[in-house]
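UniProt numbering applies: residue 1 is where the sequence shown begins, and numbers increase by one. To start, the structure itself, in structure tokens.
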Amino acid sequence: MGLKATYVHSSSGTNPCAESNGGCSHLCLYKPLGVQCGCPIGLELIADMRTCIVPEAFLLFSRHTDIRRISLETNNNNVAIPLTGVKEASALDFDITDNRIYWTDITLKTISRAFMNGSALEHVVEFGLDYPEGMAVDWLGKNLYWADTGTNRIEVAKLDGQHRQVLVWKDLDSPRALALDPAEGYMYWTEWGGKPKIDRAAMDGTGRITLVADVGRANGLTIDYAERRLYWTDLDTTLIESSNMLGQDREVIADDLPHPFGLTQYQDYIYWTDWSQRSIERANKTSGQNRTVIQGHLDYVMDILVFHSSRQGGWNACASTNGHCSHLCLAVPVSSFVCGCPAHFSLNYDNKTCSAPTSFLLFSQKSAINRMVIDEQQSPDIILPIHNLRNVRAIDYDPLDKQLYWIDSKQNIIRRAQDDGNQSVIVVPSSLAGPSQGLQLYDLSIDIYSRFIYWTSEVTNVINVTRTDGSRVGVVLRGEHDKPRAIVVNPERGYMYFTNLLERSPKIERAALDGTEREVLFFSGLGKPVALAIDNELGKLFWVDSDLRRIESSDLSGANRIVIADSNILQPVGLTVFGNHLYWIDKQQQMIERIDKTTREGRTKIQARIPYLSDIHAVHELDMSEYSKHPCTWDNGGCSHICIVKGDGTTRCSCPVHLVLLQDELSCGEPPTCSPEQFSCTSGEVDCIPKAWRCDGYPECDDGSDEENCPVCSESEFQCDSRQCIDLSLRCNGEVNCQDRSDENKCEVRCPPDQFTCSNGQCIGKHKKCDHNMDCTDNSDEIGCYPTEDPPPPSNNTIGSIVGVVMALFVVGGVCRPALVPDEGPDCRPPTHCVHRSHRAAGIARTQASLPACTNISIVNVMLTFDSKPTGMSRGKSVIGSLSIMGGSSGPPYDRAHVTGASSSSSSSTKGTYFPPILNPPPSPATVRSQYTMEFGYSSNSPSTHRSYSYRPYTYRHFAPPTTPCSTDVCDSDYTPGRRAPLKSAVAAAKGYTSDLNYDSEPFPPPPTPRSQYLSAEENCESCPPSRLYTAQLLHTSSPSHCRGTDSS
């Protein structure tokens, strides 16, 4: 675009066109040699070379890159129609009433149309074409017919490409030329296959017969509508022949032609193209005489016809209001017409309207999605007219909205569209993974009741949920090492099934729709399970293994595993259940097969020669009465996010991993904020843990975030292999301080000269060597001291001293015994002298700090039965740390599938709280029973549907779990297993669940819970003393504590 200055008041100069337009009727073009008149497109100059008229007839012919016209009345020849984008034009026809031309393009694999002046060019058929080398226009019914040599089909559609239907597909062998006689209701075509011939059928594809059998590769089939004769060229015999409309009365019109190809008829002449002569010629249609060259120097003219109204005359009922048909009106003999339906649609009882299919198979290729109907007619599959398919990875279908969903791995998106290609939108964009990388989407499955899409990604390695309207729900399943791939949901039962393709141990798993209740169904006998299918009718799960090349099935619970097929399977990539059969696709063999899903018999090849197969999916008719009965159908069951049906038919609401269920048990909200004394996990089911557990070598957060980005220890600290930091002085001191024991590895012990080095690296005074007391924890100070293996017995004086002490202990114990009886009065109180351990055990040391460190003399006889600390207690988390997540300002951890209360600052919530797996169960505050009894889930006949975190169980037999200070629930002095059992059963009955917080240390009962951390020190000392057995675990040897009422001083 630009500007130009001009002077418009006067002009200078002139030429002959300035006067009377140079004598031209339309365009005057002045050239150096003089005036030349021109005509607009569609008009032609007559003999005076000045007047333009609308020609009565002209030739149209197609070459590879253009379509041209030649006048039959004037000398204005060989004019190209201005069309853009033509690559390899082949078949050609026109619609006289609309003044449009239609052509096929072999390279583009399209059928296009445009007006005669080249305007309004559009593709009317773009899908499912291979070599469309024959085409004809039904000018009465306004239909378009074409023959495809590649697909071996003859199809029809409206002139705009809508309502496409396959008419002939059986026993076709390379159909080529096509001609129509709509006034009589017949169509004619030639075949170039193993047995070339000319066939005829009604224009709805019925009544097919062979007219001419003994013929070569016939081409250029054309009809003389006035004389009722057929004409064709024969490429093998190089003849032009003719017959009547029944294939009889054959005549040779021309027999000395080098290479005739295209053919048409107009008035008394036939016109043909010759590839050897590079020309268009004509001759008398009866005798072949008067041969004339119309145009020379033309290379590879593919098709030729005469544009004239006489070539499109006649009438039938379809010419008037489309025969009152809702879709296609197809001319037939005798009855004049029948109404036709698009492929896979069915004609209703009124014989006028059509109904869409409700049950069918969908299968995808790299750049196409196909539909197949299994019926008695063995209807062929069709390619759905969906644009912009780059690399289809997986497909699914929503029978309620009749929307098709697919993953395009080239564009890294999930799209949806109607099966006619309309309303195509992006549901999951590639931007979810950020601009640097694509999602690498793998599989998807639709929950038609909640209107959710479950999908997996090879980048995020999680199971995501997105609503069908494109809004995000969130992640429902995530694990540090998980690689979920194939997925299928079973919302009728509230489950989803997925493959977990770990590198060395692939699995097939099941979980609730919110990711809870996760269980591994199969972890052995798997190579690479790449696709899953559910059959609710049989209650079966099917899967296909591409590495083991077999198909298997089991019950939905994982029982009764059997092999369905394992022979002649090369590269299975998808499977589905449809009716009584199991269908699967084999990418390498390019075929679809099926087998009886129950008997495993009748294996049949359904379709072959389908390249780049990627997925297959069965669509079943939706029973709206059954659909409406599903409790999640209406308003998503009242849930803000995930609605799950339970075994008893009721529903429960749940949330994605980043949200929690609020107290209304319907809505999801943000999780509570952790207190300053707690560490906040990045994601997962556990959110808040004590800060002391941060970087201790053991991940408590589900995502392991408490062990990530751990700080480097200071110069005064030693960093354990687990990245825990301890004081440097504790390194190689003979005691385990790192939870992974790495502080005592690779020690070069250098004790001072005045100390003895134990075998374990411990240092003790040299005077303690061979003193008849075991001072080294490994007893190495008493080894090699005596001539015999056992040290000599102590002297009589020593024995006498020990006996005296023991007798004194029993005496004093008798005096102190009333301290254990609540009604004896306050004179004898628990001692105030604390007993300190001589050996440190990680975990117990923390526990001891939170206990009343006083003990009674009467239990020393029990203490002396233990000569060392109990093993296996070093990994326990402190009870104080456990208390920090129970109540008070720190707040409980939350459960995204259960009510948690408002915020972490509230301590009054009585809803379920869940804890990370820890060794010692955290104590509960000394509150009323309603506050320390935790509600864990819903009461129903279905499996547990909440996120439950059991305490880390005790695994050390013959030791009771360590006790904590008594609370209001039970005291050690009157504690018996018989009294504890009714409490447990009562709580279970009241709350509607059975607790699974059992200990592995039977037959010892679990310890009582502690008194609240808010009680005063004095009140704590007045509580019941710790159990005798627990005190015995804490002590190695000790002197007796003194009861206040019997102190000798």
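Ideal Cβ positions, reconstructed from N, Cα and C, are used throughout, including at glycine.
Q: Please determine, among N152, I101, I562 and R50, the residue with the shortest C-alpha to C-alpha distance to W192.
A: With distances taken between CA atoms, W192 lies nearest to N152 out of N152, I101, I562 and R50.
Q) Comparing alpha-carbon positions, which option in R69, E626 and I642 lies nearest V475? A) The shortest C-alpha to C-alpha distance from V475 to any of R69, E626 and I642 is the one to I642.
Q. Helix, strand or coil: which one does DSSP assign to residue 1055?
A. No information on residue 1055 is available, as it lies outside the stretch 1 to 1049 that the chain covers here.
Q. Count the other CB atoms within 10 Å of the CB of R390; is the residue buried (16 or more) or exposed (fewer)?
A. By the 10 Å Cβ count, R390 comes out exposed.
Q.
With a threshold of 8 Å between beta carbons, is D171 in contact with chain C?
A. Any reference to chain C falls outside this structure, which holds one protein chain only.
Q) Is it true that the CB of L513 sits closer than 8 Å to the CB of K483? A) K483 is not a Cβ neighbour of L513, given a cutoff of 8 Å.
Q) Looking only at its own chain, which residues have a Cβ that is under 7 Å from the Cβ of E480, when we skip the five neighbours before and after it? A) Same-chain partners within the cutoff: D703 and G704.
Q) At which residue ranges does the stretch 106-159 contain complete beta strand (DSSP E) runs of 3 or more residues, listed in the order of the chain? A) Runs of beta strand (DSSP E) with 3 or more residues, each lying fully within the stretch 106-159, are found at 110-115, 122-125, 132-138, 143-148 and 153-158, listed in chain order.
(Q) Just to check my reading of the structure: K587 and L613 have Cβ atoms closer than 8 Å, yes? What is that Cβ distance to the nearest angstrom? (A) The Cβ separation is near 5 Å, so the contact holds.
(Q) Please report the distance separating the alpha-carbon of R741 from that of A692. (A) So the two alpha carbons sit approximately 18 Å from each other.
Q) How long is the line joining the alpha carbons of T499 and E670, rounded to whole angstroms? A) C-alpha separation (whole angstroms): 30 Å.
**Q.** Under the three-state DSSP convention, the category P258 falls into
**A.** Three-state result, P258: coil.
Q: Might you give, ordered along the chain, the residues of its own chain that have their beta carbon closer than 7 Å to the beta carbon of G247, omitting 5 neighbours on each side?
A: I198, L211 and V212.
(Q) Just to confirm before moving on: does the CB-CB distance between H630 and Y397 stay below 8 Å? (A) Against a cut-off of 8 Å, the Cβ pair of Y397 and H630 comes out as no contact.
Q) Mapping DSSP to helix, strand and coil, what is D781? A) Correct three-state label for D781: helix.
Q.
Counting C-beta neighbours from all protein chains within 10 Å, is the total for K158 16 or more, i.e. buried, or is it exposed?
A. Result: buried.
Q. To which residues of the same chain is T264 closer than 6 Å at the C-beta, ignoring the five residues directly before and after it?
A. So the qualifying residues of the chain are T222, Y271, I304, L305 and V306.
Q) Starting from T466 and walking both ways along the beta strand (DSSP E), at which residues does that stretch end? A) Per DSSP, T466 is one residue of the beta strand (DSSP E) stretching across V462 to R467.
Q) At a cut of 8 Å, does the stretch 128-137 reach the stretch 66-85 through at least three beta carbon pairs? A) Because the criterion of three Cβ pairs below 8 Å is not met, the stretch 128-137 and the stretch 66-85 do not touch.
Q. Which whole-angstrom value is the C-beta distance of A283 and A254, which I expect to be below 8 Å?
A. Confirmed, about 6 Å.
Q: Keeping to the same chain, check which residues put their C-beta closer than 7 Å to that of H163; ignore five residues upstream and five downstream.
A: A distance below 7 Å between beta-carbons, with the five flanking residues on each side excluded, links H163 to the following residues of its chain, in chain order: A157, H327, L328 and P342.
Q) In whole angstroms, what separates the C-alpha of D95 from that of K142? A) When rounded, the distance between both Cα atoms is 9 Å.
Q. Which one of V35, S11, S25 and K4 has the shortest CA to CA distance from C17?
A. Ranked by Cα distance from C17, the first of V35, S11, S25 and K4 is V35.
Q.
Our contact map puts G313 next to Y225 with C-beta atoms below 8 Å; I'd like the distance itself, whole angstroms only.
A. About 7 Å separates the beta carbons of G313 and Y225, which is inside the 8 Å limit, making them a contact pair.
Q. Does DSSP classify D419 as helix, strand or coil?
A. Coil, per DSSP.
Q | Span of the beta strand (DSSP E), counted from its first residue to its last, around D687 | A | Looking at the DSSP string, D687 is not in any beta strand (DSSP E), and its letter there is neither H nor E.
Q: From the DSSP output, in three-state form, read off W275 for me.
A: Looking at W275 - three-state DSSP - the assignment turns out to be coil, as it is neither helix nor strand.
Q: Would you mind giving the Cβ-Cβ distance between R278 and L257, rounded to the nearest angstrom? I have them listed as a contact below 8 Å.
A: About 13 Å separates the Cβ atoms of R278 and L257, ruling out a contact at the 8 Å cut-off.
Q | Cβ neighbours of F679 in the same chain (closer than 6 Å, five flanking residues each side left out) | A | Taken in chain order, the residues that qualify are I689, K691, R694 and D706.
Q. Beta-carbon separation of V392 and I414 under 8 Å?
A. No, the pair does not count as a contact, with Cβ atoms beyond the cut-off.
Q. If you count every other CB in all the chains shown that lies within 10 Å of the CB of L541, and 16 or more means buried, which is it?
A. A buried status is given to L541, since no fewer than 16 other beta-carbon atoms sit within 10 Å of its beta-carbon.
(Q) If you reduce the DSSP assignment to three classes, tell me which class N529 lands in. (A) Note that residue 529 is Pro in the sequence shown, not Asn. Reduced to three states, the DSSP call for P529 is strand.
Q) Are G574 and L556 closer than 8 Å when you measure CB to CB? A) Contact: no.
Q: Put D341 into one of helix, strand or coil per three-state DSSP.
A: Checking the sequence shown, residue 341 turns out to be Cys, not Asp. Coil, per DSSP.
Q) Going by the beta-carbon positions, is the gap between M203 and L92 smaller than 8 Å? A) Between M203 and L92, the C-beta spacing is not below 8 Å.
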